[in-house]
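Below you'll find the structure, written out as structure tokens, and then a few comments.
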Amino acid sequence: MALADTRFATRRRALAAKLAAQRIDSILVTSPIHVRYLSGFTGSNGALIVNKDLSAQICTDGRYTTQIGEEVPDIEALIERASATTLLAQVEGPRRIAIEAAQTTLDQLDSLREATQEDVELIPVSGVVESIRLTKDSFELDRLRDVAALASQAFEDLLAAGELAEGRSERQVAADLEYRMRLLGAERPSFDTIVASGPNSAKPHHGAGDRILQRGD
1 MALADTRFAT
11 RRRALAAKLA
21 AQRIDSILVT
31 SPIHVRYLSG
41 FTGSNGALIV
51 NKDLSAQICT
61 DGRYTTQIGE
71 EVPDIEALIE
81 RASATTLLAQ
91 VEGPRRIAIE
101 AAQTTLDQLD
111 SLREATQEDV
121 ELIPVSGVVE
131 SIRLTKDSFE
141 LDRLRDVAAL
151 ASQAFEDLLA
161 AGELAEGRSE
171 RQVAADLEYR
181 MRLLGAERPS
191 FDTIVASGPN
201 SAKPHHGAGD
211 RILQRGD
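For what it's worth, the UniProt record's numbering labels the leading residue of the sequence shown as 1, then goes sequentially.
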């Protein structure tokens with residue numbers, strides 16, 4: 001049996017305290033980033049309900065049945081494609097449930113309301129999970145240091161191998177840098193790798209194109 005990572009329970013405990021302070025019974029978390037932050041689940045489809053009494057439920061689709069059992073052993077998991085509405089349909093009132101306003105379109109809000117029982121009130125909120133994320137825990141601080149060192153090492157290795165050189169394209173350099181980061185243990189770049197040469201260097205978010213690096217760039 002997989003062991004639960006206690007840092008996720010600690011984060012949910014902080015969230016539950018904020019809910020109780022606002023007289024909210026539960027929060028429906030639909031941001032993939034926040035679902036991962038609070039549970040450890042890395043799948044692309046998932047929703048999470050956290051209650052002020054510290055209980056929780058998570059839902060994803062059948063692609064992640066095995067994965068969610070491995071990544072989230074301490075939370076009851078439901079397997080349905082419509083993850084958010086499935087979780088809401090389980091809730092019996094009277095209850096006040098917060099929803100992440102920034103993550104919810106009007107169309108999604110209509111679907112959530114249709115799935116909700118009459119005595120369950122949906123409360124749009126903003127910044128609740130974000131306020132917890134502002135303070136980094138020791139694990140996050142260690143990871144930030146590690147990935148900064150990894151990125152620096154990958155760039156140094158790129159230079160040492162002569163891969164940032166005249167005659168190569170921006171795209172080739174970006175591919176080599178990403179390859180070296182992965183060799184050192186990176187999961188993926190946090191954003192598209194930027195290799196901007198010559199006139200492209202005036203564009204802070206250029207990306208990496210087919211321009212060939214030239215002497216003096």
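We treat Cβ as the ideally placed atom computed from N, Cα and C, and that holds for glycine.
Starting from the C-beta of Leu164, find all residues in its chain whose C-beta is less than 7 Å away, skip the five residues before and the five after it, and write them out in chain order. Around Leu164: Leu158 and Val173.
In the DSSP output, which residue or residues are listed as bridge partners for Glu76? Answer by DSSP bridge pairing, in chain order: Gln57.
Name the residue from Lys136, Pro124 and Tyr179 whose alpha carbon lies nearest to the alpha carbon of Leu150. Closest by alpha carbon: Tyr179.
Around the C-beta of Asp53, are 16 or more other C-beta atoms found within 10 angstroms, so that it is buried, or is it exposed? Exposed: under 16 other Cβ atoms inside 10 Å.
Along the chain, where does the beta strand (DSSP E) that runs through Arg95 open and close? Note, Arg95: beta strand (DSSP E), Arg95 to Glu100.
Does the pairing of the stretch 92-104 with the stretch 68-76 give three or more beta-carbon distances under 8 Å? Taking 8 Å as the limit for Cβ pairs, the verdict is that the stretch 68-76 does not touch the stretch 92-104.
DSSP three-state assignment for Val91, whether helix, strand or coil: In this structure, DSSP gives Val91 a state outside helix and strand, which the three-state scheme calls coil.
So, for residue 303: in the same chain, excluding its five sequence neighbours on each side, which residues have a beta-carbon less than 7 Å away from its beta-carbon? For the chain, the structure presents residues 1 to 217; residue 303 sits outside this window and is missing.
What three-state label does DSSP hand Ala202 in the structure shown? Ala202 carries a helical assignment under DSSP once its states are collapsed to helix, strand and coil.
Opposing strand residues paired with Val195 [DSSP bridges]: Ala208.
Could you give the DSSP three-state label for residue 249: helix, strand or coil? This structure cannot settle anything about residue 249, because the visible part of the chain is limited to 1 through 217.
Proximal residues to Gly62 (C-beta, below 7 Å), its chain only, five neighbours per side dropped: Excluding sequence neighbours, Gly62 sits near Ile79.
Counterpart residues of Ile123 in DSSP-defined beta bridges: BP columns for Ile123 point to Ala98.
Please classify Ala16: is it buried, with 16 or more other beta-carbons within 10 angstroms of its beta-carbon, or exposed? Burial call: buried.
Could you tell me which of Asp192, Ala56 and Leu28 sits nearest to Ala115, measuring between CA atoms? Scanning Asp192, Ala56 and Leu28 for the CA closest to the CA of Ala115 turns up Leu28.
Look up Ala47 in the DSSP assignment and say whether it is helix, strand or coil. The answer is strand: DSSP assigns Ala47 an E or B state.
For Ser138: DSSP bridge partner residues: Bridge partners of Ser138 according to DSSP: none are assigned.
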